[in-house]
Amino acid sequence: MSEECFALLPRDGLSVKDGRGWYTSEVGRGYSHPWPLPTTVRGALRAAWGQDLMSNQPGVRLTPEAWERRSASLALTGFVALRRDLGETSFTPSHRMWPAPADAVVVAGKDGEPARVERLRPWWPDSEGVITSLGPDEDRAREALWHPRPDHERRMGKPSGDAPAFWSEADMVAWLMRKDIAAPATPGPGHRTDAHVAIAPDKQTAEDTMLHSRQVVELLRLEKREGAAARVAVEWALGVRCRQPEGEAVTGFPSGVLGLGGRRRLTEVDRSTVDLFACPEDFQPEPSMGLKLVLATPASFERGWLPDGFACAEGGEPEYVGTLPGVEGRVVLRAALVPRAQDVSAWDMVKRQPRAARRWVPAGSVYFFEKVGGGRFTTVELRALWLASWGGGRDEALGQVLPGVWELPPECGA
Amino acid sequence: MESRAYLLQALSPLHVGTGQSVGVIDLPLMRMRSTGIPIIPGSSLKGVLRDASASDTVRTDAVFGPRRAKNGPEGDEPSEYAGALVVGDARLLALPVRSFVGTFALVTSPLLLTLARRDWGGRQGGGEAPPPVPSLKKHRARVASLKSCVCLHEQAGGARVYLEDLDLEVDAEDDAVLGAWAEALQRALPGDERELLARRLVLVDDETMSFLWETAMQVDTRVSIDPDTGTAAKGQLWTEESLPAETLLMGVMAASASWSPKQAMAASAVLDAALGGQGTMLQLGGKATVGRGWCRLLSWTTGDAEARR
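Chains as they are written, first to last, in our numbering: chain A, 1 to 414; chain B, 415 to 723.
Shown next as structure tokens:
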């Protein structure tokens, strides 16, 4: 089945509402996600696919129900942030940007020193210097999870307030292979707040009750670079891999510009190849006792933060055991670094009403594993996990992971 | 969706603001936050276009979306169908800047032309976009034709342009690429104004341009007069920023076929309806009653450099 790969270049910035107050006039303020969600992109692609289908088959007019049914199997199979200098002609894997991993803390430099990155590493819960409980004491396996601690004792400092939300490909690949890196300094996309007011057509004056604002993420910015005489224009984009419904593939999809997010902001399509999602050649981690998975896209698990298929055996050791895609045998979940859940709502275009909200594990969360009974994760296993899908929502590119290695604490026999 | 580029030419100072500010200008222009480039939001233009075409309500609703049944929050109900038109923001393309020679120059930069090239180029039905513009050294300028440009000051060391208080050295050769841009853009202008671009277009480096779009805007200080005393009202002195008359902005409109059950329209017909006749006059932004915001909406005619994709 053929897959299309392209980059989406929103022209005017994006506003992807997070569902708080579907009618902005209710709250006077529209809240937006800081970065578009894969589900938003898939929705835009389903809309565009229906339009392309109708324009290729004159006389065919899809009803909303038929549109929803026939486009339901359009799958988003890859979703990655991209960034390049304005004027570059194509996107390559080196342009990929990844969500900052939760096991990295950018520490502000003191006395003129540059900021540095501290690596968090799971330790036994009863190790010296770690907190003793992860919450209500009704789940033995959760309480037995290992807790994060700075890799280098007494080196932690105050976390930097302006740590970037995305890391470059080079930094992320090095981090996953457990190499030390300088603090990432690539600024993320910009944000602004737009104020809007409705004009009453009969009076031509502003309607006070319809004054509202919305948050916009901008994908074009000017950056200062060391050694450069002038600021450099940089553009962000969304790398997309998608699969059209089987037997109904539309040639040249998507054609023309796309409407994306709130107010259907105009988005150019820049064709690319599957290489955009490939595992980099220089990602060759040494076999390791510890595997970590960094979420490149948000994940949808049935039980909140706990990955699907992981459970604590009754009467056995207090630990979550399960399997992972592409990994032989069973693994133990040793630790999970999961920031606040991401609440996601959406608009049902057929029923003309909001869909039920969903809770996702945010991108950048990190899960740490060991093999049951010990043993190393091989380089082949680790490479096979590159952007593997994990959990639910696979047609929305949810739960795509980046594999990495971690070193077990010495007392654990590593 | 089918799309076309459009040009917006300010005929009087144009104020589309953010409503408030903590800076020295009370009512600043709306800008992209990360670059500072002045913009006219697509929502402003769409509202004005809708208002201008309101005489045919069925067709207007098909193009712009069904109107609200009630004004205000009470009218917040899901629409029966979506409008067929999407209007992109208009971005600064060329800024008129006071010039010591020739009264004013229309100043642009490689960054603005690179963005315009993406908006305008490579669409069906018309010519290729003009070629990309190479960057310039800091504090340098180029013109399409040294012979015909009206803003140059010739002197022994070579030509210079004086823009506001900036003194910029001009490259000693004609810039053919800039000439191609002037020629392509001026095809959207009315016949008797087509020389405006070729004779006044000046390309400066991006740093200089960003300085100009921050500092070379029209800033007016205004005051309310107390009707009782005929003197300035206390606390009602303010400054407002505008894009000067003759500013050129560029944007993109896109459309799908109409979703209205009452009015079938192809995407191209939706765009035709939105763009109106060549040189449609519109009033955009605030301060309409003091003459602000008169603009001309321009596009390229079919078969010329039609911007359709």
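Glycine residues also receive a C-beta, built at the ideal position from the N, C-alpha and C atoms.
- [ ] May I have the straight-line CA-CA distance separating residue 531 (chain B) from residue 502 (chain B), to the nearest angstrom?
- [x] 15 Å
Task: Segment contact flag, the segment 564–572 of chain B with the segment 627–646 of chain B, C-beta cutoff 8 Å, min 3 pairs - done: no
TODO: For residue 442 (chain A), go through chain B and note every residue whose CB falls closer than 8 Å to its CB, in chain order.
DONE: Here chain A comprises residues numbered 1 to 414, so residue 442 (chain A) is not present and cannot be evaluated.
- [ ] With 8 Å as the threshold, decide whether the Cβ of residue 525 (chain B) is near any Cβ in chain A.
- [x] yes
- [ ] Count the CB pairs spanning the segment 384–400 of chain A and the segment 596–607 of chain B that are closer than 8 Å, and state whether there are at least three.
- [x] no
Open item on the list: Using the three-state DSSP reduction, which class does residue 533 (chain B) fall into: helix, strand or coil?
Closed with: helix
Task: Neighbouring residues, chain B, relative to residue 194 (chain A) (Cβ below 9 Å) - done: 432, 444, 455, 457
- [ ] Kindly list the residues whose CB is nearer than 8 Å to the CB of residue 340 (chain A), restricted to its own chain and excluding five residues on each side of it in sequence; keep chain order.
- [x] 362
Task: Spatial neighbours of residue 195 (chain A) in its chain, beta-carbon cut-off 8 Å, leaving aside the 5 residues before and after - done: 211, 212, 213
Task: residue 696 (chain B) vs residue 466 (chain B) beta-carbon contact at 8 Å - done: yes
Task: Separation of residue 295 (chain A) from residue 327 (chain A), as counted between CA atoms - done: 17 Å
- [ ] Under 8 Å between beta-carbons, which chain A residues line up against residue 447 (chain B)? List them in chain order, please.
- [x] 190, 191, 192, 218
TODO: Starting from the beta carbon of residue 244 (chain A), find every residue of chain B whose beta carbon is closer than 8 Å, and list them in chain order.
DONE: Correct list: empty, because the minimum Cβ distance to chain B is about 18 Å.
Open item on the list: Counting C-beta neighbours from all protein chains within 10 Å, is the total for residue 701 (chain B) 16 or more, i.e. buried, or is it exposed?
Closed with: buried
TODO: State the beta-bridge partners of residue 360 (chain A) as determined by DSSP.
DONE: A:342
Task: Partner residues on chain A for residue 546 (chain B), Cβ-Cβ distance less than 9 Å - done: 87
Task: C-beta atoms of residue 451 (chain B) and residue 505 (chain B) nearer than 8 Å - done: yes
- [ ] Examine the Cβ distances between the segment 480–490 of chain B and the segment 573–583 of chain B and report whether three or more of them are shorter than 8 Å.
- [x] no
- [ ] Decide yes or no for the touch test of the segment 149–169 of chain A against the segment 97–112 of chain A: beta carbon pairs closer than 8 Å, at least 3 of them.
- [x] yes
Open item on the list: Using beta carbons (cut-off 8 Å, strictly below), is residue 226 (chain A) in contact with chain B?
Closed with: no
Task: For residue 426 (chain B) and residue 709 (chain B), the rounded distance between their alpha carbons - done: 7 Å
Task: residue 528 (chain B): contacting residues in chain A (beta-carbon distance under 8 Å) - done: 86, 87, 233
Open item on the list: Which runs of the alpha helix (DSSP H) at least 4 residues long sit entirely within the segment 482–538 of chain B? Give them in chain order.
Closed with: 524–534
Task: In DSSP terms, what residue 709 (chain B) is bridged to - done: B:424, B:696
- [ ] Indicate the three-state DSSP secondary structure (helix, strand or coil) for residue 683 (chain B) in the structure shown.
- [x] helix
Task: Neighbourhood of residue 39 (chain A) by C-beta distance below 6 Å, restricted to the same chain and skipping five residues each side - done: 396
Task: Buried versus exposed call for residue 604 (chain B) [16 or more other C-beta atoms within 10 Å across all chains shown] - done: exposed
Open item on the list: Contact defined as beta carbons within less than 8 Å: I believe residue 370 (chain A) pairs with residue 332 (chain A). What is the distance between those atoms, to the nearest angstrom?
Closed with: 5 Å
- [ ] Return the residues of the segment 197–222 of chain A that lie within a Cβ-Cβ distance of less than 7 Å from chain B, sorted by chain order.
- [x] 199, 200, 201, 207, 209, 210, 218, 220, 221, 222
- [ ] Could you say which of B:432, B:621, B:682, B:590 lies nearest to residue 231 (chain A) if we only look at CA atoms?
- [x] B:621
- [ ] Report the residue ranges of all alpha helix (DSSP H) runs contained in full by the segment 56–122 of chain A; include only those spanning at least 4 residues, in chain order.
- [x] 64–71
- [ ] Hey, could you find the ends of the alpha helix (DSSP H) residue 621 (chain B) is sitting in?
- [x] 620–629
Task: Contacts that residue 676 (chain B) makes with chain A (C-beta to C-beta distance below 8 Å) - done: By Cβ distance, chain A contributes nothing, its closest Cβ being about 14 Å from residue 676 (chain B), past 8 Å.
Task: residue 540 (chain B), DSSP secondary structure in three states - done: With a pLDDT of 43 at residue 540 (chain B), under the threshold of 50, the modelled position of that residue is not reliable, and the figure given next carries that caveat. Strand.
Open item on the list: Among A:384, A:43, A:205, whose alpha-carbon lies nearest the alpha-carbon of residue 264 (chain A)?
Closed with: A:43
- [ ] Would you check if there are 3 or more beta carbon pairs closer than 8 Å linking the segment 311–318 of chain A to the segment 114–126 of chain A?
- [x] no
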